[in-house]
Amino acid sequence: MITAIVLISAATDAIAETAQAIADVEGVAEVYSCAGDIDLVAILRVPDHEDLARLIPGHISKIPGVLDTATHIAYRSFSSHDTEAAFAIGDD
């Protein structure tokens, strides 16, 4: 499974509608509205790179209100929750 983080600049007057439309796209796991330089962050989880190649330019970039995207592919996940769970096995 490939995880991609897509930073999205959106039209100011349509952020909520744009975020919901992105969230409704198959392969999009989560969408967050943000303060700062980027308006929305979408987390995508897809089986392979071909799905990303199809999904981002073919669907997300064409949603009304999306002005620009920048995609970052995750290589490894680090989580304190995962580490704590691993060490808690059998710790009763």
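Just so you know, UniProt numbering puts 35 at position 35 of the sequence shown, and the rest follows in order with no gaps. C-beta: ideal position from N, C-alpha, C; glycine also.
According to DSSP, what are the bridge partners of Asp68?
For the purposes of this step, residue 68 is taken as residue 68 along the sequence shown, with counting starting at 1. DSSP, once it has assigned bridges, lists Ser9 as partnering Asp68.
So who's on the other strand from Tyr32, going by DSSP bridges?
Position 32 of the sequence shown, counted from the first residue, corresponds to residue 32. Paired residue(s): Val41.
Ala4 and Ala10 - do their beta-carbons sit closer together than 9 angstroms?
Taking the first residue of the sequence shown as position 1, residue 10 is located at position 10. Taking the first residue of the sequence shown as position 1, residue 4 is located at position 4. Result no, Cβ atoms of Ala10 and Ala4 do not sit closer than 9 angstroms.
Express the C-alpha separation of Glu50 and His59 in angstroms, rounding to a whole number.
Against the sequence shown, residue 59 aligns to sequence position 59. Against the sequence shown, residue 50 aligns to sequence position 50. Between His59 and Glu50, the C-alpha separation is close to 13 angstroms.
Helix, strand or coil: which one does DSSP assign to Ile2?
The sequence position of residue 2 within the sequence shown is 2, counting from 1. Reduced to three states, the DSSP call for Ile2 is strand.
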